[in-house]
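Sequential numbering of the sequence shown, starting at 8, is according to this note's numbering.
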Amino acid sequence: VLMFVYGIILHKFLPTLIGGVAGLLIMLSLYYLGILFNKLMGRMRGQEIEEVALGFGDVYVTTFLGFLCGWPGIIAVLLIAILASGAFSLLYIVIKLITRKYQSFSAIPYTPFLILAAVSLLFCPWVRGLATAGIYWLNSILNRIIEGRIRVLRIPLIRREWFRCLVTVSLIVIIEFIV
Numbered sequence: 008v009l010m011f012v013y014g015i016i017l018h019k020f021l022p023t024l025i026g027g028v029a030g031l032l033i034m035l036s037l038y039y040l041g042i043l044f045n046k047l048m049g050r051m052r053g054q055e056i057e058e059v060a061l062g063f064g065d066v067y068v069t070t071f072l073g074f075l076c077g078w079p080g081i082i083a084v085l086l087i088a089i090l091a092s093g094a095f096s097l098l099y100i101v102i103k104l105i106t107r108k109y110q111s112f113s114a115i116p117y118t119p120f121l122i123l124a125a126v127s128l129l130f131c132p133w134v135r136g137l138a139t140a141g142i143y144w145l146n147s148i149l150n151r152i153i154e155g156r157i158r159v160l161r162i163p164l165i166r167r168e169w170f171r172c173l174v175t176v177s178l179i180v181i182i183e184f185i186v
């Protein structure tokens, strides 16, 4: 409730609500995709994998941060968290390989990266500027695709906003699995 109230103070009601729902839906889809990924990897390896890719606490935290950061701030939070966790994971793997203690599918908590991203977005103006520029750049590419300047597909005017949201969420999911 507190995050929702702060979000309304910072961004007004509708962006706060959309940010929370977007955070919930994006992370919920990643949560279930992680379960599916573990099942597929378990079948390929011939053994069941006990670890989960994302805990359900990450879904809760992203929902609350979506309320706090609003729409499209939650998109920036997710992208910053993905990049920060990817950089940390790479460093972690290199250190574990050097010390010869590497184990595949070892868990790294994701919530600290989400919180770090939200705090940096809210309190660091240059991070907010970079995130805003990134979102506008992504939005301009989506507009060009939708308007037909980049001939990928044509979409009726009524469904453009829903398509833009769907493509943004899809790009986040793809980036999450790449990193």
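We put the CB at the ideal spot given by N, CA and C, even for glycine.
Keep in mind it's a predicted model, so treat the numbers as computed, not measured.
The Cβ atoms of Ser96 and Ile115 sit closer than 8 angstroms to each other. Counting C-beta atoms within 10 angstroms of its own C-beta, Thr106 has fewer than 16 neighbours from the protein chains shown and is therefore classed as exposed.
A buried status is given to Gly41, since no fewer than 16 other beta-carbon atoms sit within 10 Å of its beta-carbon. Excluding the 5 residues flanking it on each side, Gly80 has same chain C-beta neighbours closer than 7 angstroms at Gly26 and Leu128, in chain order. Rounded to the nearest whole angstrom, the C-alpha separation of Gly14 and Leu24 is 8 angstroms. Cα atoms of Val101 and Leu21: separation of roughly 43 angstroms, rounded to the nearest angstrom. The three-state reading of DSSP puts Cys76 in helix, counting H, G and I together. A direct Cα-to-Cα measurement between Phe11 and Thr139 gives close to 21 angstroms. For Leu72, the closest alpha carbon among the candidates Ile56, Leu43, Met34 and Gly30 is that of Gly30.
Distance from the CA of Val68 to the CA of Ala83, rounded to the nearest whole angstrom, comes to 15 angstroms.
When the Cα atoms are used, Leu121 and Gly93 turn out to be separated by approximately 12 angstroms. By the 16-neighbour rule on beta-carbons within 10 angstroms, Leu37 is buried.
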